[in-house]
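Presented below is the structure to which this report refers.
Residue numbers (this note's numbering): 8 to 393.
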């Protein structure tokens, strides 16, 4: 009736990495699991397997070809860098405007206090440190110090009026507390509703909106408690002449120069304000024209859900006419593979021919590029590939 032969199954797929025949193993995370944690555990497993394969015939080894966490880690590092730079520049700007080291310390302390407090509330809410939460913190770094500046400046004004620091802290804080609370709650009114959007957008921005609210609430608490307390006991004597040491002749000179510029700017603003007050109709007309122009230019800006990101990798696929054998597909694919690997902007080319659910006439390439600092954008490289 028939013949039974002990043989192997017909080859339906092939895989290559940089021209070498390989075997692909895909690792997928379960819903709700952390991508970075899964990849780290997978890489540890790869190291253990490679130790066992070190003495095997042919010296096979496992290596990662595609890593979804590279983009996540790079984005997180970029946002973290933005936060650090934001804190640094915010403190520098505050120092130049206040011109006093203690005042800068009192106001600048709002930044670490607010960020640490926000992390505590994020943990209580079950949030993770991800791109959206870090982006929220990066966005509000400049806002976190505003309340403390207002409170500290008003307290300083009361001290210059001759009051003792403790009384000045009490009177100065009471005088502006409603304004500070109103300012903070205005920001909460803007970002709070973002956390309760529905659909996919709501899932993206829930942690973003709430993280901003967490940080702003902690900054308000700092401005109404810690800043007055430090102003009462740590402010020092504003009338005391500073020592003319190295700092006086270096940074002090820069601060004094900036103070003169600030005085000039105040004079210019005062003159402009006199003109604005005397010509209300002209001022209103110009404001309406600027508002109308801004609303009109909105139509020029294209809209999209998420901008195109440089993930450092892209994929290519092609199909031969139906019925083409795996060998024919392999021959054409090798020619393309050689061309791709000649590009110095490309680090790894992983190629799959056929597959479990694909026909023998199909081929797919997963191209990994060199670091972004060593190449143009991924879109430019894709255009060159075409």
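Idealized CB from N, CA, C, for every residue including glycine.
Counted within 10 angstroms of its Cβ, other Cβ atoms place residue i as buried (16 or more) or exposed
i: residue 281; result: exposed
i: residue 153; result: buried
i: residue 122; result: buried
i: residue 378; result: exposed
i: residue 274; result: exposed
i: residue 135; result: exposed
i: residue 266; result: exposed
i: residue 115; result: buried
i: residue 320; result: buried
i: residue 125; result: buried
i: residue 21; result: buried
i: residue 306; result: exposed
i: residue 179; result: buried
i: residue 303; result: exposed
i: residue 168; result: exposed
i: residue 383; result: exposed
i: residue 120; result: buried
i: residue 440; result: There is simply no residue 440 to check, as the chain begins at 8 and stops at 393 in what is shown.
i: residue 229; result: buried
i: residue 110; result: buried
i: residue 145; result: buried
i: residue 225; result: buried
i: residue 52; result: exposed
i: residue 253; result: exposed
i: residue 336; result: buried
i: residue 283; result: exposed
Closest by C-alpha distance to residue i, when choosing among the options
i: residue 36; options: 287, 20, 74; result: 74
i: residue 338; options: 216, 166, 98, 370; result: 370
i: residue 155; options: 191, 349, 169; result: 191
i: residue 219; options: 237, 208, 204, 199; result: 199
i: residue 105; options: 303, 270, 319; result: 270
i: residue 222; options: 160, 323, 117, 137; result: 117
i: residue 113; options: 240, 38, 381; result: 240
i: residue 351; options: 305, 381, 289; result: 381
i: residue 30; options: 63, 9, 69, 40; result: 69
i: residue 82; options: 295, 317, 290, 23; result: 317
i: residue 194; options: 278, 150, 160, 9; result: 150
i: residue 87; options: 272, 237, 138; result: 138
i: residue 398; options: 72, 46, 62, 63; result: Because the chain in this structure spans residues 8 to 393, residue 398 falls outside the shown range and cannot be described.
i: residue 366; options: 44, 326, 358, 272; result: 326
i: residue 3; options: 344, 310, 148, 42; result: Absent from the model: residue 3. The displayed extent of the chain is 8 to 393, so no value can be given.
i: residue 77; options: 387, 376, 383; result: 376
i: residue 49; options: 34, 39, 40, 62; result: 34
i: residue 334; options: 40, 18, 205, 10; result: 18
i: residue 100; options: 262, 189, 232, 54; result: 262
i: residue 235; options: 268, 12, 177, 185; result: 177
i: residue 231; options: 183, 60, 357, 272; result: 183
i: residue 259; options: 284, 52, 107; result: 107
i: residue 357; options: 28, 299, 264; result: 28
For residue i: DSSP bridge partner residues
i: residue 91; result: Its beta-bridge partners do not exist; DSSP assigns none.
i: residue 374; result: 321, 356
i: residue 20; result: 361
i: residue 369; result: 326
i: residue 28; result: 23
Presumed contact (8 Å Cβ cut-off) between residue i and residue j, rounded CB distance
i: residue 187; j: residue 158; result: 6 Å
i: residue 360; j: residue 340; result: 6 Å
i: residue 162; j: residue 175; result: 5 Å
i: residue 132; j: residue 227; result: With 8 Å as the limit, residue 132 and residue 227 do not qualify as a contact, their Cβ atoms being about 18 Å apart.
i: residue 397; j: residue 355; result: This structure does not reach residue 397, given that the chain is present from 8 up to 393, and the question cannot be answered.
i: residue 140; j: residue 214; result: 5 Å
i: residue 43; j: residue 79; result: 6 Å
i: residue 309; j: residue 368; result: That pair is no contact at about 38 Å.
i: residue 23; j: residue 344; result: 7 Å
i: residue 297; j: residue 372; result: Not quite, the Cβ-Cβ distance comes to about 51 Å (not below 8 Å), so this is no contact.
i: residue 172; j: residue 238; result: 6 Å
i: residue 347; j: residue 353; result: 6 Å
Chain B contact for residue i (CB, 7 Å cutoff)
i: residue 104; result: Here chain B cannot be found, since the structure has a single protein chain.
Residue i: CB within 6 Å of a non-hydrogen atom of the ligand GTP
i: residue 105; result: Looking at this structure, you won't find the ligand GTP or any other ligand, since it has none at all.
So, does the region 203-211 touch the region 90-108, judging by three or more C-beta pairs under 8 Å? no
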